[in-house]
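Chemist: Structure provided below as structure tokens; questions to follow.
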Amino acid sequence: MFEGLIDRLQIIKRKVLGYGRITGQELDSIFKDIRIALLEADVNYRVVKDFIAGLSEKTKGLELSKSLKPGDLVIKAVYEELVELLGRTTELIEFEKTGFTVISLIGLQGVGKTTTAAKLAAKYRNRNPLLVPTDTKRPAAVEQLQFLAEHANIPMIPLDKGDAVATVRRAKVVAGKKGYGVIIIDTAGRLHIDETLIEELKEIHGALKPNLRLLVVDGMSGQDAVNQASAFNEKLGLDGAILTKMDGDARGGAALSIVKAADVPIYFIGTSEKLDGLEDFHPDRMAQRILGMGDVTSLVEKVRTVEAEIDQEKIKKKVMKGELNLEDFLEQLSAVKKLGPLSKIAAMVPGVKESDIDESHFKKMEAMINSMTRRERLHPEVIDGSRKRRIAAGSGTTVADVNRMLKEFSRARDMLKKFGKGMPMKMPFKI
Ligand SMILES: Nc1nc2c(ncn2[C@@H]2O[C@H](COP(=O)(O)OP(=O)(O)OP(=O)(O)O)[C@@H](O)[C@H]2O)c(=O)[nH]1
Ligand SMILES: [Mg+2]
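The numbering used here applies: residue 277 is where the sequence shown begins, and numbers increase by one.
Okay, here's the thing in structure tokens:
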């Protein structure tokens with residue numbers, strides 16, 4: 277997967293890490309190399325343009341840190357842009373808590389819909405899946421799904437009177453009666469996206485509304501994947517994509533373009549013809565793979581640690597000037613949360629019992645701050661009555677909760693300012 281791109285980026289990486297100093301001239305040459313590498317991997321040119329713009333933005337303040345080599349910072353920036361390009365976070369299927377979750381697999385001919393339907397069913401075997409064929413044109417299509425279903429030992433509903441819509445209606449009834457947890461619809465493919473295909477899919481989706489409409493695309497199809505995704509997205513509305521045949525010589529274009537250019541997140545990748553050849557898609561791990569595993573992970577960690585120290589210094593200064601805002605607080609909260617449950621951490625402090633800590637209090641605060649606009653976080657004084665009502669509604673709290681939180685916040689900020697000098701950074705709220 278992505279061999280050509282990986283090789284090229286390795287060469288660029290070595291060059292970048294070798295620089296003792298990086299000025300505008302070196303950066304321009306690095307950007308040029310990266311641009312070529314991405315274009316050769318068949319990444320969409322607009323995506324490449326935005327990638328370089330993002331990179332250039334991220335590398336502006338390079339001279340800021342003295343404890344890091346400039347090359348480290350550039351590679352970390354490339355890594356972060358790559359993660360961004362691939363969708364940033366891992367997409368997880370949100371299964372219905374009661375009843376069934378419907379997943380519809382759509383896509384052009386031969387991209388791997390039927391194979392992926394069986395793979396998905398096998399992956400979520402413990403959720404009691406049911407496979408549903410809807411390809412009425414090609415008799416072999418149903419046989420293929422039947423064969424895979426038997427092989428995987430997953431139930432499949434037969435085609436109802438050769439009618440796709442009747443079949444999904446029946447699947448709905450059967451699933452309700454027998455308690456199937458996931459309905460996976462395998463749809464018919466076409467050589468091109470035409471009106472009959474779209475109408476057929478609309479009818480199927482009208483009869484059984486999918487929780488997830490996933491486009492299956494051939495990972496080797498490069499930028500064409502973007503065209504397919506944009507067209508299907510516009511006509512049917514997509515929730516995500518599955519990229520198949522990534523075990524082949526996919527250059528990277530499809531995976532690296534589809535999220536940004538077609539606004540479709542990647543849920544899974546197909547990595548073999550076999551039933552277990554379906555992997556969750558992790559943007560960060562994929563970016564590590566593309567940039568050359570191991571060393572990139574430790575490099576990024578190192579840069580992040582130094583940057584976190586710099587941030588802490590900044591926060592301390594803000595505290596002393598009484599300039600702490602709710603955005604800083606939210607950042608602190610998430611940083612602490614990464615360490616584990618707050619109650620466990622606080623319990624390490626002598627004299628504090630685990631039961632003294634009210635986790636829900638922090639969760640509430642986080643929800644409230646998350647429901648604020650950036651302006652409100654930076655300048656809490658603009659939060660008036662109607663903003664408070666909106667924040668309360670958005671975070672599932674009450675206006676009284678918002679008032680309490682704001683009051684606690686300003687009291688803590690003022691106190692910290694008074695006593696801040698020489699004091700270590702503490703949670704600005706009582707626990
Ligand atoms: N190597 C590899 N082959 C795959 C993968 N996914 C599917 N295939 C193969 O691709 C071919 C087509 O797969 P199908 O599942 O029949 O594709 P389809 O989209 O259902 O095709 P139609 O129903 O004709 O539109 C088969 O030979 C599969 O074995 C994958 O992730 N890796
Ligand atoms: Mg098929």
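Here a beta-carbon is modelled for each residue, glycine too, at the ideal position from N, C-alpha and C.
Give, in chain order, every unbroken run of the alpha helix (DSSP H) that is at least 4 residues long and sits entirely within the stretch 415-449.
Modeler: 415-428
Chemist: Along the beta strand (DSSP E) that carries V493, what are the first and last residues, could you check?
Modeler: The count along the sequence shown starts at 1 and reaches residue 493 at position 217. Its beta strand (DSSP E) spans residues L488 to D494.
Chemist: Measuring CA to CA, which of K345, K536, L406 and T390 is closest to E357?
Modeler: Numbered from its first residue, the sequence shown carries residue 357 at position 81. Measuring from the Cα of E357, the nearest candidate turns out to be K536.
Chemist: Going straight from the alpha carbon of E333 to that of V387, what length do you get?
Modeler: Indexing the sequence shown from 1 puts residue 333 at position 57. Indexing the sequence shown from 1 puts residue 387 at position 111. Near 37 angstroms, if we compare the C-alpha coordinates of V387 and E333.
Chemist: If you check the beta carbons only, do L606 and E652 fall under 8 angstroms apart?
Modeler: Locating residue 606 in the sequence shown gives position 330, where the first residue counts as 1. Locating residue 652 in the sequence shown gives position 376, where the first residue counts as 1. In this structure, E652 does not lie closer than 8 angstroms to L606 by Cβ.
Chemist: So, with DSSP's three-state summary, where would you put L391?
Modeler: Position 115 of the sequence shown, counting from 1, holds the residue named residue 391. Looking at the sequence shown, residue 391 is not Leu but Thr. T391: helix per DSSP, three-state reduction.
Chemist: For the beta strand (DSSP E) containing A517, list its first residue and its last residue.
Modeler: Translated into the one-based positions of the sequence shown, residue 517 becomes position 241. G516 to T520 is the extent of the beta strand (DSSP E) around A517.
Chemist: Below 7 angstroms CB to CB, which residues in the same chain sit around G513 once its five sequence neighbours on both sides are set aside?
Modeler: The residue given as residue 513 occupies position 237 in the sequence shown. Correct list, in chain order: R489.
Chemist: Quick one: residues in its chain with C-beta nearer than 6 angstroms to the C-beta of G300, no 5 flanking neighbours on either side, listed in chain order?
Modeler: As a position in the sequence shown, residue 300 is number 24, starting the count at 1. Nothing meets the Cβ criterion.
Chemist: Looking at S548 and ligand 1, is the gap between the Cβ and the nearest heavy atom below 7 angstroms?
Modeler: On the sequence shown, residue 548 is found 272 positions in, with the first residue counted as 1. Here the distance from the Cβ of S548 to the nearest heavy atom of ligand 1 is below 7 angstroms.
Chemist: Between the stretch 583-599 and the stretch 366-379, can you find at least three pairs of beta-carbon atoms closer than 8 angstroms?
Modeler: no
Chemist: Compute every distance between the C-beta of T412 and the non-hydrogen atoms of ligand 1, then say whether any falls below 7 angstroms.
Modeler: Here residue 412 corresponds to residue number 136 of the sequence shown, with the count starting at 1. T412 Cβ: outside cutoff for every heavy atom of ligand 1.
Chemist: For a test of your reading of the model: does the CB of T443 fall under 7 angstroms from any non-hydrogen atom of ligand 2? Yes or no.
Modeler: Working through the sequence shown from its first residue, we reach residue 443 at position 167. Because no heavy atom of ligand 2 lies under 7 angstroms away, the Cβ of T443 does not count as near it: no.
Chemist: Could you name the residues of the same chain whose beta carbon sits closer than 6 angstroms to that of E302, not counting the 5 residues immediately before and after it, in chain order?
Modeler: Sequence index remark: in the sequence shown, residue 302 carries index 26 (1-based). The answer, listed in chain order, is Y295.
Chemist: Within the present structure, is the beta-carbon of Q385 separated from the nearest heavy atom of ligand 1 by less than 7 angstroms?
Modeler: Numbered from its first residue, the sequence shown carries residue 385 at position 109. Placement of the Cβ of Q385 at a distance of less than 7 angstroms from at least one heavy atom of ligand 1 is found.
Chemist: Just curious, the beta strand (DSSP E) that V535 is in, first and last residue?
Modeler: As a working mapping, residue 535 is identified with position 259 in the sequence shown. Following the DSSP letters along the chain, one finds V535 in no beta strand (DSSP E) but inside the alpha helix (DSSP H) bounded by residues G529 to A538.
Chemist: Taking the alpha-carbon positions, what's the E475 to V444 distance?
Modeler: Position 199 of the sequence shown, counting from 1, holds the residue named residue 475. Position 168 of the sequence shown, counting from 1, holds the residue named residue 444. Cα-Cα distance, rounded: 15 angstroms.
Chemist: Leaving aside the five residues before and after K389 along the sequence, list all residues of the same chain whose C-beta is less than 8 angstroms from its C-beta, in chain order.
Modeler: For this step, residue 389 is matched to residue 113 along the sequence shown. So the list reads L381, I382, G383, D462, T463, G465 and V492, once near-sequence residues are dropped.
Chemist: Check each candidate in A676, A538, E510 and A442 and name the one with the smallest Cα separation from I469.
Modeler: Position 193 of the sequence shown holds residue 469. Of the listed residues, the one whose Cα sits closest to I469 is E510.
Chemist: Helix, strand or coil: which one does DSSP assign to L473?
Modeler: For the purposes of this step, residue 473 is taken as the residue at position 197 of the sequence shown. Three-state DSSP puts L473 in a helix.
Chemist: Let me check one thing: in DSSP terms, what residues is F544 bridge-paired to?
Modeler: Within the sequence shown, residue 544 is the residue found at index 268, counting from 1. DSSP lists I518 and D556 as partners of F544.
Chemist: From R665 to I659, what distance separates their C-alpha atoms?
Modeler: For the purposes of this step, residue 665 is identified with residue 389 of the sequence shown, where counting begins at 1. For the purposes of this step, residue 659 is identified with residue 383 of the sequence shown, where counting begins at 1. Distance between the alpha carbons of R665 and I659 is about 10 angstroms.
Chemist: Tell whether a beta-carbon distance below 8 angstroms holds between A428 and L554.
Modeler: Here residue 428 corresponds to residue number 152 of the sequence shown, with the count starting at 1. Here residue 554 corresponds to residue number 278 of the sequence shown, with the count starting at 1. Not in contact: A428 and L554 (Cβ atoms no closer than 8 angstroms).
Chemist: Quick check: does the Cβ of A517 come within less than 7 angstroms of any heavy atom belonging to ligand 1?
Modeler: Taking the sequence shown and counting its residues from 1, the one referred to as residue 517 is at position 241. No, the beta carbon of A517 sits no closer than 7 angstroms to any heavy atom of ligand 1.
Chemist: What residues in its chain sit with their C-beta under 7 angstroms from that of A397, if we drop five residues either side in the sequence?
Modeler: Residue numbering aside, residue 397 sits at position 121 when the sequence shown is read from its first letter. So the qualifying residues of the chain are P405, L407, A428, I430 and I460.
Chemist: Skipping 5 residues on each side, what residues in its chain have a beta carbon closer than 8 angstroms to that of K478?
Modeler: Here residue 478 corresponds to residue number 202 of the sequence shown, with the count starting at 1. Exclusion of the five residues before and after K478 leaves L512 as the residues of its chain whose Cβ lies within less than 8 angstroms of its Cβ.
Chemist: Of the residues T392, Q286 and N646, which one's Cα is nearest the Cα of I518?
Modeler: To locate residue 518, count along the sequence shown from 1; it is residue 242. Among T392, Q286 and N646, the Cα nearest to that of I518 belongs to T392.
Chemist: Can you tell which of K453, P486, V418 and G455 has its C-alpha closest to the C-alpha of K437?
Modeler: Position 161 of the sequence shown holds residue 437. That would be V418, whose Cα lies nearest to the Cα of K437.
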